[in-house]
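To start, the structure itself, in structure tokens.
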Amino acid sequence: MILGAILLVLGVACAGYGYLQNNSIEAQLSSLLSTGTTNPGTIYIIIGAVVAVIGALVCGWSLYKRHGKGGANVQHQEYSVPIQCKNDAPSHENDVERVEGTGTELHVDQVAPEQEKENDWTVEQPLPVDEESDALNQQSEEPKEKKGIKITRKMCILGGVALVAVIGIAVLARFGYVYWTDPQRDVDRKAAGEYATAVDYYESGEYDLALEKTEAIDTTWTCYQKAEKLRVDIIKARLDEIRSSYEGDQKYTEVISYVKRKVPNLDIDAEIREQYEQAIEEYKASVLKKADELESTEDYSGAVREVETALQLIGSDAKLEERVHQLGKTEILKAVETYEASKEYDTAIELISDRIGDYETDSEVVLAYNRCKDAFRDTTVQAAKNAYTNEGFQAALSIVNNALMTMEDDAELQTLAEYYRNLAPVKLSDLESYRTDGGEFQYEEVETDCFGTEFFDNLTTEGSETYRISGKYATLKGVLFSSAPKSQEMRVGLKCWGDGVLLCEYNTTNFNGPIKFSVDVSGIKDLKIELDAEDGELFSDFGPWDVVISGCELVPAA
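Per our numbering: the sequence shown = residues 661 to 1218.
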């Protein structure tokens, strides 16, 4: 009985402790059944449950043995009537008288009255038969009551044991239901298999395959921390293998690239972090040494490439970034110095423009940049001026537009381009005259002289037109010719007046061919142009339309 109670108490306490270790009994049991692995909390729960059931069974059996059998089958009980004797007398222990109908033996000393007197005994006289029977019946009721109490106790004990059994069955049924319906069971089973495979690969030295297997393990696995630990062990073993397999910078680059690929969080292990940081420091020292050697030979581009390659592998690093900045600056200033000496300002500007974003706060680079732009601008202005004088506005505008391709946002060059665009000649045919005398000029797109030469953009018909040019133009230029055929000579003439003053007069014949004219109209407000045609005969097949000026333009004042 005591042993059962102790087992029951210990079992309940053990199961309770296990439950405190695990928030979910069902989940832990499911994990145990599906993966074959568990943790201390689950073990406590299972052991406690088993011990508690054993304790309950022991207690029940002890109670049953103690209260269920004692006196339950008693049917006979001896009753004796006490007899007191004053004097010693022989004992009559074997004299028995049965009371009919009671089933009980009654021991009574039978003494004859004469003998009682002779022996001077004092004897308690037997009760009368009826009174004796009542006394016996009253005494027989007591065992019946005790028997009922014992049966009740037995039923309670059996009921308690049955209740414990029912509860145990219910718990097992619940756990069984959880086991068969919990989706985590399949996840854990699959993960456990992958983990076992990863362990095999790891132990055989196939670290890459082992790592792939750990990466395939579901993170919801109940024992995922085991996979994480295995992963750390694999990575450390692989890093040791790399360091022993490579030499020089390749050893560092392999370690760095491997950790970057396989270790998203360096906090998982202090040793891995230490190896990674050590590889970075050693690699940086090697790269900076090579960069210094390349810089000493003025191979700045090579030095920059060396450091930038390291940055691509390592990532952001203040020391390497500062070295790249310094190397780039030195390269720019050296190149600008060379281009300035050869007056290749546009090349210098393009070089700095491509990298100015990295040096916009560097005073030396900005100063060199502005110096090159100023020199290039001055050179462009002078070249455009010379081109305009020698070749006209188109040549000058072309020079300025080319300069804008190098300095497209330069305000001074944009203004200069606009200036030369405004110097473009204006066709006389595009202007409106405000006065006409004689015939009105007619526009002909194509005309041909007697030699078969074609002329375009033509004004013809004898007469005059007056234009308000308001001093905006400097020169009137064009070609004068006659469209009359070879059959008869014909004279044609051109006269120009500026503000009433004759500025020029040109004459030619169809036989002599076309002549070019150029008239200075600077400061003229009103320009009058007169065309004249004479054939020397009164009647002729020729007429006033045979005088032609072609390509007549007004050149704006500069």
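Cβ atoms here follow ideal geometry from the backbone N, Cα and C, with glycine treated the same way.
Residue environment, residue i, which counts as buried when at least 16 other CB atoms sit within 10 Å
i: residue 1188; result: buried
i: residue 979; result: exposed
i: residue 715; result: buried
i: residue 949; result: exposed
i: residue 662; result: exposed
i: residue 816; result: exposed
i: residue 1170; result: buried
i: residue 913; result: buried
i: residue 812; result: exposed
i: residue 874; result: buried
i: residue 966; result: buried
i: residue 1071; result: exposed
i: residue 1143; result: buried
i: residue 1103; result: exposed
i: residue 956; result: exposed
i: residue 733; result: With a pLDDT of only 44 at residue 733, under the threshold of 50, the placement of this residue in the model should not be trusted; the figure read from the coordinates follows. That one is exposed.
i: residue 1161; result: exposed
i: residue 809; result: exposed
i: residue 1125; result: buried
i: residue 827; result: exposed
i: residue 852; result: buried
Whether residue i touches residue j by CB criterion (8 angstroms)
i: residue 1131; j: residue 1192; result: no
i: residue 1012; j: residue 1028; result: yes
i: residue 1111; j: residue 1173; result: yes
i: residue 990; j: residue 1019; result: no
i: residue 1064; j: residue 1088; result: no
i: residue 938; j: residue 899; result: no
i: residue 940; j: residue 922; result: no
i: residue 1107; j: residue 1208; result: yes
i: residue 868; j: residue 847; result: no
i: residue 884; j: residue 870; result: no
Option nearest residue i by Cα separation, candidates the options
i: residue 1014; options: 1141, 1151 and 1066; result: 1066
i: residue 1116; options: 1037, 1141 and 1061; result: 1141
i: residue 1037; options: 1069, 1052, 1137 and 912; result: 1069
i: residue 1121; options: 1097, 1083 and 1134; result: 1097
i: residue 876; options: 850, 1016, 893 and 1143; result: 850
i: residue 962; options: 995, 973, 987 and 896; result: 987
i: residue 859; options: 893, 844 and 1190; result: 893
i: residue 1094; options: 1054, 1071, 1127 and 908; result: 1127
i: residue 1168; options: 1180, 1155 and 1162; result: 1155
i: residue 1123; options: 1205, 1138, 878 and 869; result: 1205
i: residue 992; options: 975, 1049, 974 and 964; result: 964
i: residue 615; options: 1023, 1113, 904 and 1050; result: With the chain represented from 661 up to 1218, any question about residue 615 goes unanswered, as that position is not in the structure.
i: residue 1147; options: 1137, 1109 and 977; result: 1109
i: residue 1008; options: 1031, 906 and 1021; result: 1031
i: residue 994; options: 1073, 958, 871 and 890; result: 958
i: residue 1194; options: 1218, 1149, 1210 and 1181; result: 1149
i: residue 890; options: 904, 673, 907 and 872; result: 872
i: residue 1220; options: 1092, 924, 918 and 1048; result: Nothing in the structure corresponds to residue 1220, since the chain is present only between 661 and 1218.
i: residue 975; options: 1165, 1001 and 943; result: 943
CA-to-CA distance, residue j to residue i, given in whole angstroms
i: residue 985; j: residue 970; result: 14 angstroms
i: residue 930; j: residue 866; result: 23 angstroms
i: residue 857; j: residue 880; result: 18 angstroms
i: residue 1212; j: residue 1033; result: 40 angstroms
i: residue 713; j: residue 888; result: 39 angstroms
i: residue 1061; j: residue 1134; result: 24 angstroms
i: residue 1059; j: residue 1043; result: 7 angstroms
i: residue 910; j: residue 1056; result: 58 angstroms
i: residue 920; j: residue 927; result: 13 angstroms
i: residue 1003; j: residue 945; result: 40 angstroms
i: residue 1040; j: residue 1076; result: 10 angstroms
i: residue 1005; j: residue 1083; result: 27 angstroms
i: residue 915; j: residue 902; result: 7 angstroms
i: residue 1216; j: residue 1085; result: 6 angstroms
i: residue 1158; j: residue 1184; result: 6 angstroms
i: residue 670; j: residue 882; result: 28 angstroms
i: residue 1052; j: residue 1151; result: 32 angstroms
i: residue 642; j: residue 863; result: The shown model of the chain, from 661 to 1218, leaves out residue 642, and the question about it has no answer.
i: residue 1026; j: residue 999; result: 16 angstroms
i: residue 707; j: residue 666; result: 14 angstroms
i: residue 951; j: residue 983; result: 9 angstroms
i: residue 1079; j: residue 1046; result: 15 angstroms
i: residue 904; j: residue 996; result: 47 angstroms
i: residue 710; j: residue 855; result: 31 angstroms
Any non-hydrogen atom of the ligand SAM closer than 7 angstroms to residue i Cβ
i: residue 1107; result: As far as ligands go, the structure on display features none, and thus does not contain the ligand SAM.
Alpha helix (DSSP H) runs contained entirely in the region 995–1077, provided each spans 4 or more residues = 1005–1019, 1023–1051 and 1053–1066
Residue ranges of each alpha helix (DSSP H) within the region 873–906, 4 or longer = 884–905
ask   = Can you list, in chain order, the stretches of the alpha helix (DSSP H) that have 4 or more residues and sit fully within the region 923–979?
value = 930–956 and 960–974
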